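Asker:
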Amino acid sequence: MDIEEKKILNRLKRTEGQIRGIQKMIEDDKECIDVITQLSAVRSSIDRVMGMIMAENLKHCFEHPDQNPEEQAQKLEQAINMIIKK
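Residue numbering for the sequence shown follows UniProt numbering, starting at 1 and increasing by one per position.
#1: Mind pulling the alpha helix (DSSP H) runs of 4 or more residues that sit fully within the stretch 8 to 33?
#2: Can you look up ASP2 in the DSSP assignment and give me helix, strand or coil?
#3: On a Cα-Cα basis, can you pick out the residue from GLN38, ILE8, ILE80, GLU27 that is closest to ILE19?
#4: Using the Cα positions of LYS13 and ALA79, report the straight-line distance between them to the nearest angstrom.
#5: Does DSSP classify HIS60 as helix, strand or coil?
#6: Are the stretch 50 to 63 and the stretch 71 to 85 touching, with three or more C-beta to C-beta distances below 8 Å?
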């Protein structure tokens with residue numbers, strides 16, 4: 001496992017903890033605005049993970065341009081489409 005994979009997994013574990021915290025907040029009848037604030041933080045964290053994964057895939061394509069150009073072109077196109085859809 002490389003450093004980037006560890007970073008991604010750590011971020012996902014923190015997000016998982018946040019979600020558990022949100023579940024507890026709902027069970028404890030916490031204020032709506034507080035729950036929404038935490039949900040927004042989870043969404044931001046997930047968006048960050050998606051960006052990290054896309055960046056790693058793009059980096060790989062640029063660092064190894066000689067490996068299956070058709071596959072790399074397809075990956076680049078997919079990444080561009082995901083970015084544009086945001």
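Built from N, CA and C at the ideal position, the CB exists for glycine as well.
All figures in this text were calculated on a predicted structure; none of them were measured in a lab.
Answerer: For this structure:
#1: Every candidate alpha helix (DSSP H) stretch fails here, since none sits fully inside the stretch 8 to 33 while reaching 4 residues.
#2: The DSSP-derived three-state label of ASP2 is coil.
#3: When only C-alpha atoms are compared, the closest one is GLN38.
#4: Per the coordinates, the alpha-carbon of LYS13 lies some 24 Å from the alpha-carbon of ALA79.
#5: Taken through DSSP and simplified to helix, strand or coil, HIS60 comes out as helix.
#6: They touch, by the three-pair rule.
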